[in-house]
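Participant: Residue numbers (the numbering used here): 537 to 646. C-beta: ideal position from N, C-alpha, C; glycine also. Could you have a look at this structure, given as structure tokens, before my questions?
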Amino acid sequence: MDRVPQFLTRLVTRLCVDEARHNAIVKKMASHPRLIPQSADDLVDVVCDNAEAQWLAARLEAFSPKDRKLVLMLTSGFTRKEIAEELGTTPQGTHSALYRIRKKMVERYG
């Protein structure tokens with residue numbers, strides 16, 4: 537019986553931590569941009585963005601896996617430095633590769 541207070545203290549502490557974690561997640565979800573209702577103008581932009589993404593994905597099939605990964609990382613919001621670290625190159629090498637990819641896209645698809 538002398539361990540009951542320790543048990544209850546630990547139980548209440550863990551419940552409080554769980555509640556705090558839950559509240560933090562709820563707060564993040566409430567302000568997440570994808571979960572906030574969009575206006576009609578935003579929906580048009582989303583549809584256009586999706587169409588552009590599908591067009592780009594279809595065109596990227598003709599490129600090497602490394603080039604595809606580079607473009608997908610860039611469009612996902614990675615910086616050139618992060619891409620360079622992931623691909624084992626320098627930021628300038630990443631910049632040059634992106635330039636070559638853009639040039640190929642213009643040559644192939646106008």
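So, with DSSP's three-state summary, where would you put Ser567?
Facilitator: Looking at Ser567 - three-state DSSP - the assignment turns out to be coil, as it is neither helix nor strand.
Participant: How many Å lie between Gln590 and Ser567 at the Cα?
Facilitator: Roughly 28 Å between the two C-alpha positions.
Participant: Any idea if Arg616 is buried or exposed, counting beta-carbon neighbours within 10 angstroms, 16 or more meaning buried?
Facilitator: Buried, since its Cβ has 16 or more Cβ neighbours within 10 Å.
Participant: Rank Thr626, Gly629, Ser600 by C-alpha distance to the C-alpha of Met641 and give the top, closest one.
Facilitator: That would be Ser600, whose Cα lies nearest to the Cα of Met641.
Participant: Starting from Met537, trace the alpha helix (DSSP H) in both directions and tell me its first and last residue.
Facilitator: Where Met537 is concerned, there is no enclosing alpha helix (DSSP H), given that its DSSP letter is neither H nor E.
Participant: To the nearest whole angstrom, what separates the beta carbons of Ala620 and Thr626, a pair I think is in contact under 8 Å?
Facilitator: Their Cβ separation, rounded to whole angstroms, is 6 Å, which keeps Ala620 and Thr626 in contact under 8 Å.
Participant: Compare the beta carbon distance of Leu592 and Val582 with 9 Å and say whether it is the shorter of the two.
Facilitator: No. Outside cutoff.
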